[in-house]
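In my numbering, the protein residues as written are 873 to 1056.
Virtual Cβ for every residue (Gly too), placed ideally from N, Cα, C.
Here's the structure, in structure tokens; my notes come after.
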Amino acid sequence: MTELISRSEMKRIYKQVGELAKEVADLSDKELRNFPGGTVIHEEILATRGLKGGSRSRQIKYLAKVLRQGPLDEIYLFVTNRKGSKLHAKKQLHSAERLRDSLINEAMEIKQQCQSIQVPFEPAWKSVFIPEIIEMYPNLKEKELRSVIHQYIVTHNKFHYRELFRVLKAAVDSKERMEKSQQG
């Protein structure tokens, strides 16, 4: 899915990965043995040990850069399970927010197009994101999703905006529980 991510959102994502890198850098040798990252990440974690002050913070920033190059889901889960970190929950929250914003932005563009050609904006508009999101989160109901988005676009009532977030967050959480049950 190609979602438009603003500069501010990219900064927030980088900050999140930076927090993850700080937690990963503090892993003990025992925890590092079971760590899901590759050898490059292991080497960078070991390189942070023994460093203090500015050099440590620079090394952690570099570790964050290395972490951003690969998938982070396993690493977030590992840190959450080992340290009781809230980083994974925060990542899921931001993921649901980005999905909501992508859907709303797409619907607003389509509504503007409909207004320009003087056609009413209907809940069954042609969407690029909705099929992709339904494929990623199969427990979502397309009709409910379209209805909530349409209600928000037409009324700009914050209740529908929050309801859309609630629906997407539930789908993200449900997929997470399903993946955990398949692993365990």
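Would you tell me roughly how many angstroms separate the C-alpha atoms of residue i and residue j, rounded to the nearest one?
| i | j | result |
| --- | --- | --- |
| V896 | H966 | 20 Å |
| M980 | I1025 | 7 Å |
| V889 | E1007 | 26 Å |
| K1013 | S999 | 15 Å |
| M873 | I1002 | Since pLDDT at M873 reaches only 48, below the 50 mark, its modelled position is unreliable, and no value is offered. |
| A1042 | E1048 | 10 Å |
| Y948 | A996 | 37 Å |
| A893 | P1010 | 32 Å |
| K942 | G925 | One point to set straight first is that residue 942 is Gly, not Lys, in the sequence displayed. G942 and G925: Cα-Cα distance of roughly 27 Å. |
| G922 | F907 | 20 Å |
| R970 | I982 | 18 Å |
| A968 | R1038 | 9 Å |
| R954 | Q990 | 57 Å |
| E1051 | L899 | 25 Å |
| I977 | E881 | The question names Ile, yet the displayed sequence has Asn at residue 977. Roughly 15 Å between the two C-alpha positions. |
| K887 | K937 | 11 Å |
| D945 | L1040 | 18 Å |
| R905 | I877 | 35 Å |
| E891 | S1053 | 27 Å |
| E994 | K883 | 35 Å |
Which of the three DSSP states is assigned to residue i in this structure?
| i | result |
| --- | --- |
| Y1009 | coil |
| A996 | coil |
| D898 | coil |
| V991 | coil |
| Q941 | coil |
| I877 | coil |
| N1029 | coil |
| K958 | coil |
Is it right to say residue i is buried, meaning 16 or more other beta carbons lie within 10 angstroms of its own, or is it exposed?
| i | result |
| --- | --- |
| V951 | buried |
| S974 | buried |
| A961 | exposed |
| T1027 | exposed |
| I1005 | buried |
| R972 | buried |
| I932 | buried |
| T920 | buried |
| G909 | buried |
| K963 | buried |
**Item:** Validate contact between the stretch 983-992 and the stretch 911-920 using beta carbons, cut 8 Å, 3 pairs
**Value:** In short, these stretches do not touch, since the Cβ pair count stays below three.
**Asked** Do the stretch 1005-1020 and the stretch 1029-1040 meet, that is, are 3 or more Cβ pairs less than 8 Å apart?
**Response** Contact between the stretch 1005-1020 and the stretch 1029-1040 is present, because at least three Cβ pairs lie under 8 Å.
**Prompt:** Whole alpha helix (DSSP H) runs in the stretch 885-935 with 4 or more residues, listed along the chain?
**Reply:** Counting only runs of 4 or more, we get 901-905, 911-920.
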